[in-house]
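**Student:** In the numbering used here, the protein residues as written are 12 to 187.
#1: Which one or two residues does DSSP pair with residue 26 in a beta bridge?
#2: Of all the options 67, 27 and 97, which has the alpha carbon lying nearest to the alpha carbon of residue 81?
#3: Which of the three DSSP states, helix, strand or coil, is assigned to residue 180?
#4: Is the segment 173–187 touching the segment 75–94, taking contact as three or more C-beta pairs under 8 Å?
#5: Which residues in the same chain have their Cβ closer than 6 Å to the Cβ of residue 37, if we skip the five residues on either side of it in sequence?
#6: Compute the beta-carbon to beta-carbon distance between residue 87 and residue 20, rounded to the nearest angstrom, for a pair I have assumed lies under 8 Å.
#7: Run the CB neighbour count on residue 12, radius 10 Å, all protein chains shown included, and call it buried at 16 or more, exposed below.
#8: For residue 51 versus residue 119, is the C-beta spacing smaller than 8 Å?
#9: Just the Cα atoms here: how many angstroms apart are residue 46 and residue 75?
#10: So what does DSSP say about residue 84, is it helix, strand or coil?
#11: Taking the C-alpha atoms as reference points, what is the distance between residue 91 and residue 68?
#12: Out of 95, 55, 48 and 183, which one is the CA nearest neighbour of residue 84?
#13: Quick check on residue 130: does DSSP put it in helix, strand or coil?
#14: Thinking C-beta only, is residue 58 closer than 8 Å to residue 129?
#15: Indicate whether residue 44 and residue 145 have their beta-carbon atoms separated by less than 8 Å.
#16: Using the rule of at least 16 other Cβ atoms within 10 Å of the residue's Cβ for burial, across every protein chain shown, is residue 183 buried or exposed?
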C-alpha cells in the first residue's frame with residue numbers, strides 16, 4: 012500500500028503541504044533565478060495535485076511508490092537549495108551564483124523524471140520544459156557576468172572585510 016501524500020513528511024522540513032507553501036514563499040523573496048525557481052515550484056505543485064488525483068481515484072500506477080519517494084527527495088533538495096541561496100550578499104552571492112545553474116539543472120531534471128514516471132505529460136511538454144529551463148539558464152549566466160563585471164560590489168565587500176579585520180586586530184592589541 013502506498014502512503015498518501017499528505018501523510019508524508021519531508022525530513023527536516025515538515026509535511027509535504029507545509030513544504031510546498033514554504034517553497035512558494037521563498038520563491039517570492041529570492042532574487043537569483045527567480046523565474047526558474049517559480050516554475051519549478053509550480054511544477055512541484057502540479058505533481059502534488061496529480062498524485063493526489065491518482066490516490067483519490069485509487070488508480071495508482073506501479074511506479075507511483077517510487078515516484079512519491081523521489082518527489083519527497085526533490086522537495087527536500089529544492090527547499091534546502093532555496094534556503095541556502097535566499098540571503099546571500101556580495102562575494103558570497105557571486106561565489107554561490109556560479110554554482111546555481113548546475114544545482115537547479117539537477118533539480119529540474121529530477122522534476123522531469125517525475126513527470127515521466129507518473130506519465131504526466133507528453134514528450135513534447137517535457138522537452139518544452141527543458142528548453143524553457145535552458146533559456147532561463149542563459150539569462151542567469153548573463154546576470155552573473157554582469158554581476159562579476161560590477162567591481163563596485165566586490166570592492167565594498169573587500170573593504171568591509173578589511174575594516175572588520177582592522178577592528179578585530181585593534182581589539183586584540185588593546186587587550187594585550
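Glycine included, every Cβ here is placed at the ideal spot set by N, Cα and C.
**Tutor:** Per the coordinate set shown:
#1: Its beta-bridge partners are 20.
#2: 27
#3: helix
#4: Touching, no, given that fewer than three Cβ pairs across the two stretches are closer than 8 Å.
#5: Apart from sequence neighbours up to five positions away, the residues of its chain that approach residue 37 with a beta-carbon distance below 6 Å are 93 and 97, ordered along the chain.
#6: About 10 Å separates the two Cβ atoms, so there is no contact after all.
#7: Below a pLDDT of 50, predicted positions are generally treated as unreliable, and residue 12, at 46, falls in that range; no measurement from the model is reported.
#8: yes
#9: 28 Å
#10: Helix at residue 84.
#11: Distance between the alpha carbons of residue 91 and residue 68 is about 32 Å.
#12: 55
#13: coil
#14: yes
#15: no
#16: exposed
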